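Q: Every number in our numbering is 21 more than the matching position in the sequence shown, counting from 1. Even for Gly, the Cβ is constructed at its ideal location relative to N, Cα and C. The model shown is predicted, which means the values in this text are computed figures rather than measured ones.
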Amino acid sequence: MADPKKNLLLFFDRPTEPCFMQKGAEGVTFDIPENFFPDKYKSLSNTLTNRFGGSAKRNILVRNIALPNLNLPLQLGYQEHFSLFVPKHRQMAGRLIDIFMGMRDLHDLQSICSYCQLRINPYMFNYCLSVALLHRPDTKGMDLPTLTETFPDKFMSPKVFRQAREVSTTVKTGPRMPVIIPQNYTAADSEPEQRVAYFREDIGINLHHWHWHLVYPFDSADRAVVNKDRRGELFYYMHQQIIARYNAERFCNNLGRVTRYNNFREPIAEGYFPKLDSQVASRAWPPRFAGSTIRDLDRPVDQIRSEVGELEMWRDRILQAIENNAVLLPGGRTMPLTEEKGIDILGNIMESSIISPNRSYYGDMHNMGHVFISYSHDPDHRNLEQFGVMGDSATAMRDPIFYRWHAYVDDIFQLYKNKLPPYAKNKLDFPGITVSSIAVEGTAGRNTFKTHWEQSTVDLSRGMDFTPRGSVLARFTHLQHEEFTYVIEVNNTSKRNAMGTFRIFMAPTINENGSPLSFEEQRKLMIELDKFSHQLRTGKNTVRRRSVDSSVTIPYERTFRKQSDRPGDPGSAAAAEFDFCGCGWPHHMLIPKGTTIGYPMVLFVMVSNWAEDSIQQDTVGACNDAASYCGIRDRLYPDRRAMGFPFDRPAGRHISSVDDFLLANMATTNCNIRFTDAVKQRPL
Numbered sequence: 022m023a024d025p026k027k028n029l030l031l032f033f034d035r036p037t038e039p040c041f042m043q044k045g046a047e048g049v050t051f052d053i054p055e056n057f058f059p060d061k062y063k064s065l066s067n068t069l070t071n072r073f074g075g076s077a078k079r080n081i082l083v084r085n086i087a088l089p090n091l092n093l094p095l096q097l098g099y100q101e102h103f104s105l106f107v108p109k110h111r112q113m114a115g116r117l118i119d120i121f122m123g124m125r126d127l128h129d130l131q132s133i134c135s136y137c138q139l140r141i142n143p144y145m146f147n148y149c150l151s152v153a154l155l156h157r158p159d160t161k162g163m164d165l166p167t168l169t170e171t172f173p174d175k176f177m178s179p180k181v182f183r184q185a186r187e188v189s190t191t192v193k194t195g196p197r198m199p200v201i202i203p204q205n206y207t208a209a210d211s212e213p214e215q216r217v218a219y220f221r222e223d224i225g226i227n228l229h230h231w232h233w234h235l236v237y238p239f240d241s242a243d244r245a246v247v248n249k250d251r252r253g254e255l256f257y258y259m260h261q262q263i264i265a266r267y268n269a270e271r272f273c274n275n276l277g278r279v280t281r282y283n284n285f286r287e288p289i290a291e292g293y294f295p296k297l298d299s300q301v302a303s304r305a306w307p308p309r310f311a312g313s314t315i316r317d318l319d320r321p322v323d324q325i326r327s328e329v330g331e332l333e334m335w336r337d338r339i340l341q342a343i344e345n346n347a348v349l350l351p352g353g354r355t356m357p358l359t360e361e362k363g364i365d366i367l368g369n370i371m372e373s374s375i376i377s378p379n380r381s382y383y384g385d386m387h388n389m390g391h392v393f394i395s396y397s398h399d400p401d402h403r404n405l406e407q408f409g410v411m412g413d414s415a416t417a418m419r420d421p422i423f424y425r426w427h428a429y430v431d432d433i434f435q436l437y438k439n440k441l442p443p444y445a446k447n448k449l450d451f452p453g454i455t456v457s458s459i460a461v462e463g464t465a466g467r468n469t470f471k472t473h474w475e476q477s478t479v480d481l482s483r484g485m486d487f488t489p490r491g492s493v494l495a496r497f498t499h500l501q502h503e504e505f506t507y508v509i510e511v512n513n514t515s516k517r518n519a520m521g522t523f524r525i526f527m528a529p530t531i532n533e534n535g536s537p538l539s540f541e542e543q544r545k546l547m548i549e550l551d552k553f554s555h556q557l558r559t560g561k562n563t564v565r566r567r568s569v570d571s572s573v574t575i576p577y578e579r580t581f582r583k584q585s586d587r588p589g590d591p592g593s594a595a596a597a598e599f600d601f602c603g604c605g606w607p608h609h610m611l612i613p614k615g616t617t618i619g620y621p622m623v624l625f626v627m628v629s630n631w632a633e634d635s636i637q638q639d640t641v642g643a644c645n646d647a648a649s650y651c652g653i654r655d656r657l658y659p660d661r662r663a664m665g666f667p668f669d670r671p672a673g674r675h676i677s678s679v680d681d682f683l684l685a686n687m688a689t690t691n692c693n694i695r696f697t698d699a700v701k702q703r704p705l
């Protein structure tokens, strides 16, 4: 009998094709019990089994089990959109996750998946099964295909699929020419926001956002699935870094910093026309016209009835908690927002989940902000439209309003951070350690980063339902940088070896008007590039660190990973970590675009005391190469300091520039990012 783990992977192949049809490269079918067939197929069950199973290379006999109550998840129509931000959808998904998690063994899980795959909304089924496989003890080594493989329609123009079907139907065997995905196809060059479309619509960036929410779900009967170490702080920091990164990108393209969306009654200046089709819903994603305003929602079909005033009320209550430095709990008790835990508590309030304190009082501000914006085109369902791209974690980052919304959310977090005292010198210093310099070496020359366009290829065949079999390649263009090496000179004047934590950041030096940035502005624009530990011998040390080893990013192969890239067998430790490592910022977007003449940046390094930073835990074999945004699987966050340290809170009033901030264990260097408007092809 085949490994049931491998069988479960087949549910991700051609997700809207019934599981009794042939799946995977082997042409495998699920031989399901007669009572598992939906009514539309029940009278033809024997015919269908013989038709598809007779020519299959392998048949999987599905166990007939007592079926759990699926009434709640079945309330979402098969051809509807699914959104983690819609409260009712989260409730449905939480129930289905619990069902998958509760199956006694993998054979029962295979059975319930066979039944659900034929009935449950494909988007929700994919999400819930993915969460369950990530968190079940017996499936942590499962390969989870990326969403570009299973639902590529969320990431590229519908024209691509027409061409792909033509290629797959015309060229039955042998090599097929890749389909070209156009770049910047959602608006004309006359639209200023289109200058940063390459960032917003980057496939890897949107995959990162989707995968982060996969690793950090909202609801489950198993509290441990949601209640991960420093989850709320990770929500804050990951999104804060996205805004800092986006603002750097805007500066490089002669655009101002993103404008906060802080007045919910004013029109949204920007429109967005996504140019995406839903293959499941068989309809186009709705646009948002320029000047749209969010309005009260009354959509019985989604079980949503909410007023804009509720969004304002939740915001005001969060602001009051920050003002009081304490959160109100049920029964009138309070929970202090301490220096160590306050940001984590606020993060868990802002992104509402089952671990949020006093969820009924503080509401659902972040998620419902997405929902209000995503329904601005049809708030009362009179036009029978579904939500826009802001309603889906896989598509939200395409829309300019995503960054305006999260810039405001970050402003609220910063109000709390601004109340914290500046770090005392003994919290920043590392006695005996002096950093004399930091430099960058690479093909572009010393202290110069080099960027360009790159064309890469992704296989669409797993998501091309009801088309001939075989590889269907699509070629897309994205930003890329030449790899480089940090060279850091450190002098250890103490009488013993020491372990240091190296923290590397980058930030712009001038604002959108060409004026120098104040330190208070600059610290909020600091982009974390890397964090690592390194032993320092007594005397002089030259520490070299490659850009490919960044603690923020995952390599191209993990962002766009395929089963053939995956190490080990299902269930192996290597395979489990490979899957978790799908969470991380795409490495090709580590460095902002820059300009053709070279955009000025400052590079900062700090060496802090590892003995004070470290968390004592076993991380052997653990996926920690993208820990900065995603943490470590089944472990504590691997840094005792606040995320973003030392720039996560204001400095003293006497600090007016980054040079004023420096201590002996820190160093900076001026650098520039030079962009070459040329396209290189990534080898297949």
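Which word fits Asp-34, buried or exposed, when buried means at least 16 other C-beta atoms lie within 10 angstroms of its C-beta?
A: Buried.
Q: Is DSSP giving Thr-169 helix, strand or coil here?
A: Of the three classes helix, strand and coil, the one that applies to Thr-169 here is helix, per DSSP.
Q: Leaving out the 5 sequence neighbours to the left and right, which residues in its chain are closer than 6 angstroms to Asn-532 when beta-carbon positions are compared?
A: Cβ within range, chain order: Leu-538.
Q: Buried or exposed, going by whether 16 or more other CB atoms sit within 10 Å of the CB of Gln-702?
A: By the neighbour-count rule (16 or more Cβ atoms within 10 Å), Gln-702 is not buried but exposed.
Q: Using CA coordinates, which residue listed in Asp-480, Val-573, Arg-524 and Arg-695 is at the minimum distance from Asp-174?
A: Comparing Cα-Cα distances from Asp-174 to each of Asp-480, Val-573, Arg-524 and Arg-695, the minimum goes to Asp-480.
Q: Residues in the same chain with beta-carbon distance under 8 angstroms from Phe-523, minus the five sequence neighbours each way, listed in chain order, please.
A: Once the five neighbours on either side are set aside, the close Cβ partners of Phe-523 are Ile-509, Asp-551, Lys-552, Phe-553, Ser-554, His-555, Val-564, Arg-566, Val-626, Met-627 and Val-628.
Q: Give me, in chain order, the residues of the same chain whose beta-carbon lies closer than 8 angstroms to that of Phe-310; leave out the 5 immediate sequence neighbours on both sides.
A: If we look at Phe-310 and ignore the five residues flanking it on each side, its Cβ neighbours are Gly-292 and His-398.
Q: Straight-line CA distance for Phe-285 to Asp-431?
A: Their Cα atoms are separated by approximately 16 angstroms.
Q: Below 8 angstroms on the Cβ atoms is my guess for Val-519 versus Gly-453; work out the distance and round it to an integer in Å.
A: Reading off the sequence shown, one finds Ala at residue 519, where the question assumed Val. Right, their Cβ atoms sit about 7 angstroms apart.
Q: In whole angstroms, what is the alpha-carbon distance linking Glu-287 and Met-411?
A: Going by the C-alpha atoms only, they are around 18 angstroms apart.
Q: When you compare each of Pro-89, Arg-140, Met-389 and Asn-468 to Phe-32 by their alpha carbons, which one comes out closest?
A: Comparing Cα-Cα distances from Phe-32 to each of Pro-89, Arg-140, Met-389 and Asn-468, the minimum goes to Arg-140.
Q: Mark Met-198 as exposed unless 16 or more other C-beta atoms lie within 10 angstroms of its C-beta, in which case mark it buried.
A: Exposed, by the Cβ-count rule.
Q: Under DSSP, the beta strand (DSSP E) around Leu-318 begins and ends at which residues?
A: Residues 318 to 320.
Q: CB Val-456 to CB Phe-106, shorter than 8 angstroms?
A: Going by C-beta atoms, Val-456 is not nearer than 8 angstroms to Phe-106.
Q: Quick one: is Ser-254 buried, meaning 16 or more other Cβ sit within 10 Å of its Cβ, or exposed?
A: Checking the displayed sequence, the identity of residue 254 turns out to be Glu instead of Ser. Result: buried.
Q: Please list the terminal residues of the continuous alpha helix (DSSP H) segment that includes Asp-634.
A: Segment 631 to 634, the alpha helix (DSSP H) holding Asp-634.
Q: Thinking Asn-274 and Arg-216 are a contact (beta carbons under 8 angstroms), I'd like their distance in whole angstroms, please.
A: Asn-274 to Arg-216, Cβ: 4 angstroms. Contact.
Q: In terms of residue numbering, what span does the alpha helix (DSSP H) encompassing His-234 cover?
A: It spans 224 to 236 - the alpha helix (DSSP H) in which His-234 sits, taken as one unbroken run.
Q: Use the C-beta contact count for Glu-328: other C-beta atoms within 10 angstroms, 16 or more gives buried, fewer gives exposed.
A: Classification for Glu-328: exposed.
Q: Taking Tyr-707 as the reference, give the member of Glu-406, Phe-239, Pro-307 and Ala-663 with the closest Cα.
A: Here the chain covers residues 22 to 705 and nothing more, so residue 707 does not appear.
Q: So the beta strand (DSSP E) Met-356 belongs to, where does it begin and stop?
A: Met-356 -> beta strand (DSSP E) spans 355 to 357.
Q: Can you pull the DSSP bridge partners for Thr-506?
A: Paired residues: Glu-462 and Arg-567.
Q: Go ahead and pull the three-state DSSP assignment for Asn-388.
A: Here Asn-388 sits in helix by DSSP.
Q: Grab me the residues of Met-386's own chain with a C-beta within less than 7 angstroms of its C-beta, minus the 5 sequence neighbours each way, in chain order.
A: Cβ within range, chain order: Leu-332, Trp-335, Arg-336, Ile-339 and Met-371.
Q: Could you say which of Gly-535, Arg-656 and Ala-347 lies nearest to Glu-360 if we only look at CA atoms?
A: That would be Ala-347, whose Cα lies nearest to the Cα of Glu-360.
Q: Quick one: Cα of Thr-478 to Cα of His-502, how far?
A: Approximately 17 angstroms, taken between the alpha carbons.
Q: Does the distance from the CB of Ile-226 to the CB of Met-610 come in under 8 angstroms?
A: For Ile-226 and Met-610, yes; Cβs fall inside 8 angstroms.
Q: Among Ser-515, Leu-30, Ala-417 and Ala-87, which one has its Cα closest to the Cα of Leu-297?
A: Of the listed residues, the one whose Cα sits closest to Leu-297 is Ala-417.
Q: From Lys-61, Asp-24, Asp-698 and Gln-262, pick the residue whose C-alpha is nearest to that of Ile-81; which is it?
A: Cα-wise, what sits closest to Ile-81 is Asp-24.
Q: Assuming Pro-671 contacts Leu-449 under a Cβ cut-off of 8 angstroms, what Cβ separation, rounded to an integer in Å, is found between them?
A: That pair is no contact at about 13 angstroms.
Q: Buried or exposed: Gln-781, going by 16 or more other Cβ atoms within 10 Å of its Cβ?
A: Here the chain covers residues 22 to 705 and nothing more, so residue 781 does not appear.
Q: Kindly list the residues whose CB is nearer than 6 angstroms to the CB of Asn-369, restricted to its own chain and excluding five residues on each side of it in sequence; keep chain order.
A: These residues qualify, in order along the chain: Gly-253, Ile-376 and Ser-377.
Q: Please work out which residues of its chain come closer than 6 angstroms, Cβ to Cβ, to Ser-313, disregarding the five sequence neighbours upstream and downstream, and give them in chain order.
A: Closer than 6 angstroms at the Cβ level, and outside the excluded window around Ser-313, lie Ile-289 and Ser-397.
Q: State the DSSP-derived secondary structure class of Asp-401, mapped to helix, strand or coil.
A: Here Asp-401 sits in coil by DSSP.
Q: Thr-472: which of Leu-546, Leu-349 and Leu-500 sits nearest, CA to CA?
A: Answer by Cα proximity: Leu-500.
Q: What do you get for Pro-613, buried or exposed, if any count of 16 or more other CB atoms within 10 angstroms of its CB means buried?
A: Buried: at least 16 other Cβ atoms inside 10 Å.
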